[in-house]
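Novice: Structure below; questions to follow.
Now the structure itself:
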């Protein structure tokens, strides 16, 4: 079954257990692995280096043996993604894989800012190339920006063409630029299934990207404070040197503290990372009126999780897409409205963040602004086709009448939204 899912700056995803919410997150994790240059096997099955506590790459749940629909005749699935790069371009990427044998079957890349109908494609407008499923190479045509049929090139089917499409294999800087942009966008997808026991751990300085379960949280906090506190020498033309601070980093740290201050009963004056003799750091929080910091092992699960979400959303710079499963997990019900408000503001104002969050909490829908609630994605189950069915909340049949008699949270709690999405 093919489904098209429109994603807004802040998209809340709801649906009953087993309806297919996790499939959407699996698809986005899969795309992230492609952007990071992972081989097909790792993108599907996941991967952890020897001795790792948690996987560095989360694969598709169930692995390749269970990735496709249970009624599917073949273990194949495909994903097409449209990525908007501001007002500059829309990049379209398509990939079809054999999930059981971990091979690419078809792949294509195009962009509205590119002069050709495609950057590369295994199924160009001149006709699909005769690629055989068991062949040792996968053929694709690439744009050459000159008259005549575009030439073809062979790629490994166990790696994505997007990964291999670099330097001379891309033929031109024009081609490689589109591929570079897409790789950056896909790799900026950040799944977050935060676990308090992971957030409490020491982190080695040097790994500053927070992992899916909260790995490197302390190092990310350390980096934010260093960026905000360390002066930068600015040389004027007259020879004077003035120390200035990274104003963006200062603003990001201030924003994290401002949101975190609304979670705890006592004002928080600092979110920092305390060093150890092993060159590792652990998160600390300082509360008024006390001077001694509280280390992460002594902090509550909810405070840690909220701090990590604040750091990932308002405390980071650059374009990123946050994937948050079961948004309400570990957060006190009285702070759900605060969390929703933070994420709505992050995706509305100057931050370059997109947030996709699933939830089972009826209260979250009631706290959303009407515009955000309208574009929430509702995943239902269509019994006739035995498959998931996706609708925007505002497009559900009968939603206006239903809303006049009950809140969205009540409709979710009663199962009305999920049932309507399956019609």
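Numbering (the numbering used here), first residue to last: 12 to 434. Each residue gets a CB set at the ideal place from its N, CA and C atoms; glycine is no exception.
(1) Can you give me the Cβ contacts of residue 198 inside the same chain, cut-off strictly under 6 Å, excluding the 5 residues immediately before and after it?
(2) For residue 53, is the classification buried or exposed, using 16 other Cβ atoms within 10 angstroms of its Cβ as the cut-off for buried?
(3) Whose C-alpha, out of 86, 128, 90 and 420, is nearest the C-alpha of residue 157?
(4) For the segment 376 to 408, list the beta strand (DSSP E) runs that are entirely contained and at least 3 residues long, ordered along the chain.
(5) For residue 428 and residue 29, I'd like the C-alpha separation in whole angstroms.
(6) Which two residues bound the contiguous beta strand (DSSP E) that contains residue 267?
(7) Using a Cβ-Cβ cut-off of 7 Å (strictly less than) and excluding sequence neighbours within five positions of residue 261, which residues of its own chain qualify?
(8) Return helix, strand or coil for residue 356, following the three-state DSSP convention.
(9) Are the segment 261 to 270 and the segment 197 to 214 in contact at 8 Å, needing three or more beta carbon pairs?
(10) Sorted by chain position, which residues of the same chain lie with C-beta nearer than 6 Å to residue 346's C-beta, five sequence neighbours on each side aside?
(11) Which of helix, strand or coil does DSSP assign to residue 208?
(12) Just mark residue 434 as buried or exposed, buried being the case when its beta carbon has 16 or more other beta carbons within 10 Å.
(13) Suppose only complete runs of 4+ residues qualify. What are the alpha helix (DSSP H) ranges in the segment 51 to 124, listed by chain order?
(14) Please list the terminal residues of the continuous alpha helix (DSSP H) segment that includes residue 33.
(15) How many Å lie between residue 191 and residue 416 at the Cα?
(16) Where does residue 168 land, buried or exposed, given buried means 16+ other C-beta within 10 angstroms?
(17) What is the DSSP secondary structure of residue 164, counted as helix, strand or coil?
(18) For the beta strand (DSSP E) that residue 324 lies in, which residues bound it at each end?
(19) Per DSSP, which one or two residues make a beta bridge with residue 126?
(20) Between which two residues does the beta strand (DSSP E) harbouring residue 24 extend?
(21) In three-state terms, what does DSSP make of residue 144?
(22) Report the residue from 425, 210 and 100 whose alpha carbon sits nearest the alpha carbon of residue 314.
(23) Where does residue 372 land, buried or exposed, given buried means 16+ other C-beta within 10 angstroms?
(24) With a threshold of 6 Å on Cβ separation, who are the neighbours of residue 174 within its own chain once the five nearest residues in sequence on each side are excluded?
(25) Would you grab the beta carbon distance between residue 20 and residue 359 for me? Rounded to a whole angstrom, and I think it's under 8 Å.
(26) CA-CA distance, residue 232 and residue 59?
(27) Using 9 Å as the threshold, is the C-beta distance between residue 283 and residue 236 below it?
(28) Going by C-alpha distance, which of 172, 291 and 388 is nearest residue 218?
Specialist: According to the data block:
(1) Stepping through the chain shown from its first residue, residue 198 is reached at position 187. If we look at residue 198 and ignore the five residues flanking it on each side, its Cβ neighbours are 46 and 47.
(2) Counted from its first residue, the chain shown places residue 53 at position 42. Label assigned to residue 53: buried.
(3) The residue labelled residue 157 in the question sits at position 146 within the chain shown. Nearest C-alpha to residue 157: 128.
(4) 388 to 393 and 398 to 403
(5) Position 417 of the chain shown holds residue 428. Position 18 of the chain shown holds residue 29. In a straight line, the C-alpha of residue 428 is about 15 Å away from that of residue 29.
(6) By one-based count along the chain shown, residue 267 stands at place 256. No beta strand (DSSP E) holds residue 267; the alpha helix (DSSP H) holding it covers 258 to 272.
(7) Start at 1 with the first residue of the chain shown, and residue 261 comes out as number 250. Counting only Cβ-Cβ distances below 7 Å, and skipping sequence neighbours, we find 239.
(8) The residue you call residue 356 lines up with position 345 of the chain shown. Residue state, collapsed to three classes: helix.
(9) no
(10) Residue 346 sits at position 335 when you count from the first residue of the chain shown. So the list reads 274, once near-sequence residues are dropped.
(11) Numbered from 1 along the chain shown, position 197 holds the residue referred to as residue 208. Reduced to three states, the DSSP call for residue 208 is helix.
(12) The residue you call residue 434 lines up with position 423 of the chain shown. Under this definition residue 434 is an exposed residue.
(13) 51 to 56
(14) Your numbering for residue 33 matches position 22 in the chain shown. Note, residue 33: alpha helix (DSSP H), 32 to 46.
(15) Residue numbering aside, residue 191 sits at position 180 when the chain shown is read from its first letter. Residue numbering aside, residue 416 sits at position 405 when the chain shown is read from its first letter. Between residue 191 and residue 416, the C-alpha separation is close to 50 Å.
(16) The sequence position of residue 168 within the chain shown is 157, counting from 1. The residue is buried, with at least 16 neighbouring Cβ atoms inside 10 Å.
(17) Here residue 164 refers to the residue found at position 153 when the chain shown is read from its first residue. Looking at residue 164 - three-state DSSP - the assignment turns out to be strand.
(18) Within the chain shown, the letter at position 313 stands for residue 324. Per DSSP, residue 324 belongs to no beta strand (DSSP E); it is in the alpha helix (DSSP H), 312 to 324.
(19) Locating residue 126 in the chain shown gives position 115, counting from the first residue. According to DSSP, residue 126 bridges with nothing at all.
(20) Here residue 24 corresponds to residue number 13 of the chain shown, with the count starting at 1. Note, residue 24: beta strand (DSSP E), 21 to 26.
(21) As a working mapping, residue 144 is identified with position 133 in the chain shown. Looking at residue 144 - three-state DSSP - the assignment turns out to be coil, as it is neither helix nor strand.
(22) By one-based count along the chain shown, residue 314 stands at place 303. Among 425, 210 and 100, the Cα nearest to that of residue 314 belongs to 210.
(23) Along the chain shown, one-based indexing puts residue 372 at 361. Buried is the call here.
(24) Working through the chain shown from its first residue, we reach residue 174 at position 163. 48.
(25) Residue 20 sits at position 9 when you count from the first residue of the chain shown. Residue 359 sits at position 348 when you count from the first residue of the chain shown. Yes, residue 20 and residue 359 are in contact; Cβ-Cβ is about 7 Å, under 8 Å.
(26) As a working note, residue 232 is residue 221 in the chain shown. As a working note, residue 59 is residue 48 in the chain shown. When rounded, the distance between both Cα atoms is 24 Å.
(27) Translated into the one-based positions of the chain shown, residue 283 becomes position 272. Translated into the one-based positions of the chain shown, residue 236 becomes position 225. In contact: residue 283 and residue 236 (Cβ atoms closer than 9 Å).
(28) Numbered from 1 along the chain shown, position 207 holds the residue referred to as residue 218. Closest option to residue 218, Cα to Cα, is 291.
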